[in-house]
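Visitor: In our numbering, the protein residues as written are 3 to 223.
As structure tokens, then:
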């Protein structure tokens, strides 16, 4: 019996070479991980190709879209599910977001929200004469300033849809807003409210030292 037990141990635990086989498990996990990464990269590349052709990454329900024989629609749904569960790797989530990926909703709902914010921007422009919504500016309860920053960020990343970029440019939207532009926007806002540009030295507008900025400009003049 002892000899049989020894024989069983050598065959099932150590293997033919006499080395323990349990040390090879991490290598198997590593191989599985490598395959998983490779598959994800292939599907992500298909998603980028889809975006190039269609102008967006919104492959939505019923998840039936096929790209080059691969179930891209189903893969997109999987990324959304993993994001909600908190199991999607942050590096993958970041790359998807940079590509303009939608975590919730469809293209139609996204367009509706964008159109609503664009309408607020046009309203702001009608009142102020420009599209440089200052930091923390809220329009009808919506954070217009943050939306404006998002459009600029997406433009820099190359993820802003061309049709949206075109509409913004027609509205004389500035892609790069300098510190000077931001302060000038506050000055115009002050003038609209007060009827003049004589800002008191200690006056602040939306947390910014507008009075001091105006004083500096006069000194430079």
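Every residue gets a Cβ at the ideal spot worked out from N, C-alpha and C, and that includes glycine.
Hey, residue 156 and residue 102 are a contact pair by Cβ (cut 8 Å); roughly how many whole angstroms apart?
Guide: Position 154 of the chain shown, counted from the first residue, corresponds to residue 156. Position 100 of the chain shown, counted from the first residue, corresponds to residue 102. Right, their Cβ atoms sit about 7 Å apart.
Visitor: For residue 217 and residue 134, I'd like the C-alpha separation in whole angstroms.
Guide: Your numbering for residue 217 matches position 215 in the chain shown. Your numbering for residue 134 matches position 132 in the chain shown. Their Cα atoms are separated by approximately 22 Å.
Visitor: Pull up the DSSP beta-bridge partners for residue 141, would you.
Guide: For the purposes of this step, residue 141 is taken as the residue at position 139 of the chain shown. DSSP lists 144 as partners of residue 141.
Visitor: To the nearest whole angstrom, what separates the beta carbons of residue 48 and residue 69, a pair I think is in contact under 8 Å?
Guide: Position 46 of the chain shown, counted from the start, is the residue given in the question as residue 48. Position 67 of the chain shown, counted from the start, is the residue given in the question as residue 69. For residue 48 against residue 69, the beta-carbon gap comes to about 5 Å, under 8 Å, which counts as contact.
Visitor: Using the DSSP secondary-structure output, state which residues sit across from residue 207 in a beta bridge.
Guide: As a first step, residue 207 must be located in the chain shown, where it is residue number 205. Residue 207 pairs with 210.
Visitor: Could you spell out where the alpha helix (DSSP H) holding residue 75 opens and where it closes?
Guide: Taking the first residue of the chain shown as position 1, residue 75 is located at position 73. Start and end: 74-87.
Visitor: Mark residue 221 as exposed unless 16 or more other C-beta atoms lie within 10 angstroms of its C-beta, in which case mark it buried.
Guide: The residue you call residue 221 lines up with position 219 of the chain shown. That one is exposed.
Visitor: Pick from 160, 137, 159: whose alpha carbon is nearest that of residue 149?
Guide: As a position in the chain shown, residue 149 is number 147, starting the count at 1. With distances taken between Cα atoms, residue 149 lies closest to 137.
Visitor: Under 8 Å Cβ to Cβ from residue 161, same chain only, skipping five residues before and after it: list those, please.
Guide: Counting from one through the chain shown, the residue named residue 161 turns up at place 159. Excluding sequence neighbours, residue 161 sits near 100, 101, 102.
Visitor: Starting from residue 69, follow its DSSP beta bridges and name the residues at the other end.
Guide: Start at 1 with the first residue of the chain shown, and residue 69 comes out as number 67. Beta-bridge pairing by DSSP links residue 69 to 72.
Visitor: Do residue 132 and residue 167 have their CB atoms nearer than 8 Å?
Guide: Counting from one through the chain shown, the residue named residue 132 turns up at place 130. Counting from one through the chain shown, the residue named residue 167 turns up at place 165. In this structure, residue 132 lies away from residue 167, with their beta-carbon atoms at least 8 Å apart.
Visitor: Taking the alpha carbon of residue 122 as the reference point, which residue from 214, 80, 173 has its own alpha carbon closest?
Guide: The residue labelled residue 122 in the question sits at position 120 within the chain shown. When C-alpha distances from residue 122 are compared across 214, 80, 173, the shortest belongs to 173.
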